[in-house]
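For the protein sequence lines, the chains are P and A, in the order given. For the first sequence, the UniProt record's numbering assigns the number 1 to the initial residue and increments by one for each residue that follows. For the second sequence, the UniProt record's numbering assigns the number 1 to the initial residue and increments by one for each residue that follows.
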Amino acid sequence: MTTYFTREHEWVKVDGDTAMVGITDHAQQALGDIVFTEVPEAGKQLAKGQEAAVVESVKAASDVYSPVTGEVIEGNQAVVDDSSLVNRDPEGEGWFFKIRLADAGELDGLMDEGAYRDWVKTL
Amino acid sequence: MSREVHNGPTDQHEQARGTPYTGAAEGEPQPEPQTLPLDSWHRSKGGRMVEFAGYMMPVQYEGIMAEHLWTRENAGLFDVSHMGQLLIHGPDAESALETILPGDIRGLADRKLRYSLLLDGGGGIIDDLMATRRGSDFYLVVNGATKHGDIEVMRQSLPKDLFVDHMTGQALVALQGPKAVDVLEAIIPGVSDLTFMEGNAFHAFGHPLWISRSGYTGEDGFEISIPAVAVEQLAEALVADERVKPIGLGARDSLRLEAGLPLYGHDLDRDTTPVMAGLTFAIQKRRRAEGGFPGAPRILAELEQGAPQKRVGLDVEGRQPVREGALILDGEGSEIGRVTSGGFSPSLQRPIAMGYVATALAEPGTELKLEQRGKLFDSKIAPMPFVPHRYHRKGA
Numbered sequence: 001m002t003t004y005f006t007r008e009h010e011w012v013k014v015d016g017d018t019a020m021v022g023i024t025d026h027a028q029q030a031l032g033d034i035v036f037t038e039v040p041e042a043g044k045q046l047a048k049g050q051e052a053a054v055v056e057s058v059k060a061a062s063d064v065y066s067p068v069t070g071e072v073i074e075g076n077q078a079v080v081d082d083s084s085l086v087n088r089d090p091e092g093e094g095w096f097f098k099i100r101l102a103d104a105g106e107l108d109g110l111m112d113e114g115a116y117r118d119w120v121k122t123l
Numbered sequence: 001m002s003r004e005v006h007n008g009p010t011d012q013h014e015q016a017r018g019t020p021y022t023g024a025a026e027g028e029p030q031p032e033p034q035t036l037p038l039d040s041w042h043r044s045k046g047g048r049m050v051e052f053a054g055y056m057m058p059v060q061y062e063g064i065m066a067e068h069l070w071t072r073e074n075a076g077l078f079d080v081s082h083m084g085q086l087l088i089h090g091p092d093a094e095s096a097l098e099t100i101l102p103g104d105i106r107g108l109a110d111r112k113l114r115y116s117l118l119l120d121g122g123g124g125i126i127d128d129l130m131a132t133r134r135g136s137d138f139y140l141v142v143n144g145a146t147k148h149g150d151i152e153v154m155r156q157s158l159p160k161d162l163f164v165d166h167m168t169g170q171a172l173v174a175l176q177g178p179k180a181v182d183v184l185e186a187i188i189p190g191v192s193d194l195t196f197m198e199g200n201a202f203h204a205f206g207h208p209l210w211i212s213r214s215g216y217t218g219e220d221g222f223e224i225s226i227p228a229v230a231v232e233q234l235a236e237a238l239v240a241d242e243r244v245k246p247i248g249l250g251a252r253d254s255l256r257l258e259a260g261l262p263l264y265g266h267d268l269d270r271d272t273t274p275v276m277a278g279l280t281f282a283i284q285k286r287r288r289a290e291g292g293f294p295g296a297p298r299i300l301a302e303l304e305q306g307a308p309q310k311r312v313g314l315d316v317e318g319r320q321p322v323r324e325g326a327l328i329l330d331g332e333g334s335e336i337g338r339v340t341s342g343g344f345s346p347s348l349q350r351p352i353a354m355g356y357v358a359t360a361l362a363e364p365g366t367e368l369k370l371e372q373r374g375k376l377f378d379s380k381i382a383p384m385p386f387v388p389h390r391y392h393r394k395g396a
């Protein structure tokens, strides 16, 4: 299983032809207390870069973009029921959706963990 | 350069005096400092700094939710040094101020504060402010983002023999919350004698202070004007008390929204009149009878007949916050107004908002839809404040 990162602060954990997507620890810290999340439903087709989910903190609203193209397998009901889960465990239980990859080649343009963490330090 | 201005009560001998304004555009150029006196203190306390009103300000420390709830239950320390502190003095300042403000300034008792509005000729709101009488002088606190424009308006509108001191050597902090009084009394004895909307001069840390029982969170609390050189010492003394935590701009905004208090530049602007904004309490009886303030014909007519639109509170269904700029729709789906402030209420654990609607639809309980990014939300006009005020009123 390999994890990739985007410049929009999403992470993608790839396992075969499926991937799990969420927002990074850096992103949840920047957002602060998260009070609302909306995740895509199973069966939805998403294009790379398309708005896939919504995350809102006390002060700010943000879109979560799909880092890859594919069909949504599952949205995480747990973060809808308790959105503070995204604050507590952003890169684990606080995932947003699982997606079936249409083109694994899209992953080539994403950062690995080291590159992402280094890049975040420059922000 | 900033002038040293004594910040105590009116004292003809100690009060520093500024230059009289000429009405010309020259004035004194004010190079804008980008950092406030407490800048490094905020950083040392873990404040996340953002630019606001031309200054670097702490938006949050441990998190908006925790800071908000802490203030409602304990005491929160806010740095509001970006706000403009002005001292107006000269012959018959009270009558002169009544030509630009709709409040009863002449009837304001010594050391009392009054919420007022700086109006333009059409009755639009240039800024909202607090005015305090200190003897024959008046101490005004205006918004940070608007202060230079306000000073310009005052220079052009007020008689030439009045002085407007921009007290740039002063810092301003607010201590807000139910435990604020006990905390501050222990450091500066005597402050607990103040009641809501009353101020007085104190002395602490080797400096004169002006302290008023006021704030913008809906809680009991104080605003403390202190020379910038001493503000860090004051802040340290306050947070040394375990009941006090520093609070950022984020929680300041959610607190004032719950308190139903409008924010200039969002809920108020030059397209808003005091009647539309629901601020008619700021126009006292004598001024309604006599007029003589900017925009009086329009405002008096609106007082009589009502304004076409009114500021209202909105309860929003569900958990998703509806924010500034969202459309307010009537039953037919037509746009009847806009949300001017909106967010998630940490005290109520649900989204709240305020905005403007046609006056006919402003009754509490009226059901309306809100539209944000193409999504519709059920909403109801709500009475304000959303969270009850807990001011320390006389006799309370």
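Where is the CB? At the ideal position from N, CA and C, for every residue including glycine. Note that the coordinates shown come from a computational prediction; the quantities given were computed from them, not determined experimentally.
For the C-beta of A/Q60, the chain P residues within less than 8 Å are, from N- to C-terminus, G32. Look at the UniProt domain "Lipoyl-binding" (18 to 100) of chain P: the residues with a C-beta under 7 Å from a C-beta of chain A are G32, D33, V35, F36, E56, V58, K59 and A61. Collapsing the DSSP output to three states places P/F36 in a strand.
Between P/V68 and P/A42, the C-beta gap is not smaller than 8 Å, which leaves the two residues out of contact.
At a C-beta separation below 9 Å, A/F344 has these neighbours in chain P: D33, V35, F36, E56, S57, V58 and K59.
Excluding five sequence positions before and after A/I188, the CB atoms of its chain that fall closer than 6 Å to its own CB belong to F202 and A204, given in chain order.
Distance check between A/E198 and each of A/T359, A/I247, A/L108 and A/L303 places A/L108 closest, using alpha-carbon atoms only. With its beta carbon at least 8 Å from every one in chain P, A/G46 lies outside the interface.
Chain-order list of chain P residues neighbouring A/R298: empty, with the shortest C-beta distance near 35 Å, by a criterion of under 8 Å. A/A326 is a Cβ neighbour of A/Q372, given a cutoff of 8 Å. When secondary structure is reduced to three states using DSSP, A/A277 falls in the coil class, being assigned neither helix nor strand. Close partners of A/S254 in chain P (Cβ separation under 7 Å): V58. Secondary structure note for A/R393: it is in no alpha helix (DSSP H), with a DSSP letter that is neither H nor E.
Listed along chain P, the residues sitting closer than 7 Å to A/M65 by beta-carbon distance are D33 and V58. In the DSSP assignment, P/Y116 falls within the alpha helix (DSSP H) that extends over E113 to K121.
In this structure, A/G313 lies near A/F386, with their beta-carbon atoms less than 8 Å apart. In chain order, E51 and V54 place their CB closer than 7 Å to the CB of P/D63, counting only its own chain and leaving out the 5 sequence neighbours on each side.
Neighbours of A/G250 in chain P, taken as residues whose beta carbon is under 8 Å from its own, are G32, V58 and K59 in chain order. When DSSP states are grouped into helix, strand and coil, A/H207 belongs to the strand group. Spanning the alpha carbons of A/T340 and A/G122 requires a straight line of approximately 21 Å. Excluding residues up to 5 positions away in sequence, T10, L87, I88, H89 and A93 lie with their Cβ nearer than 7 Å to the Cβ of A/D137 in the same chain. Interface annotation, A/P37: not in contact with chain P, CB-CB separation never under 8 Å. A/R393 is outside the set of residues whose beta carbon lies under 8 Å from a beta carbon in chain P.
Listed in chain order, the positions of the stretch 299 to 333 of chain A with a beta carbon within less than 7 Å of a beta carbon of chain P are R319, Q320, P321 and R323.
Around the Cβ of A/G248, a 10 Å sphere holds 16 or more other Cβ atoms; the residue is buried.
Under the 10 Å beta carbon count, A/Q34 is surrounded by fewer than 16 other beta carbons and is classified as exposed. Assigned with DSSP and collapsed to three states, A/D150 falls in helix. The three-state secondary structure of A/T359, taken from DSSP, is helix. The three-state reading of DSSP puts A/G107 in coil, since its state is none of H, G, I, E or B. Beta-carbon to beta-carbon, A/S225 and A/Q85 are separated by about 6 Å, close enough to satisfy the 8 Å threshold. In this structure A/H392 is not in contact with A/L255, their Cβ atoms being roughly 17 Å apart against a cut-off of 8 Å. Contact between A/R114 and A/E219 fails: their C-beta atoms lie close to 20 Å from each other, not under 8 Å. Annotation note: the stretch 53 to 80 of chain A contains the following uninterrupted alpha helix (DSSP H) runs of length 4 or greater, listed N- to C-terminal: 64 to 73.
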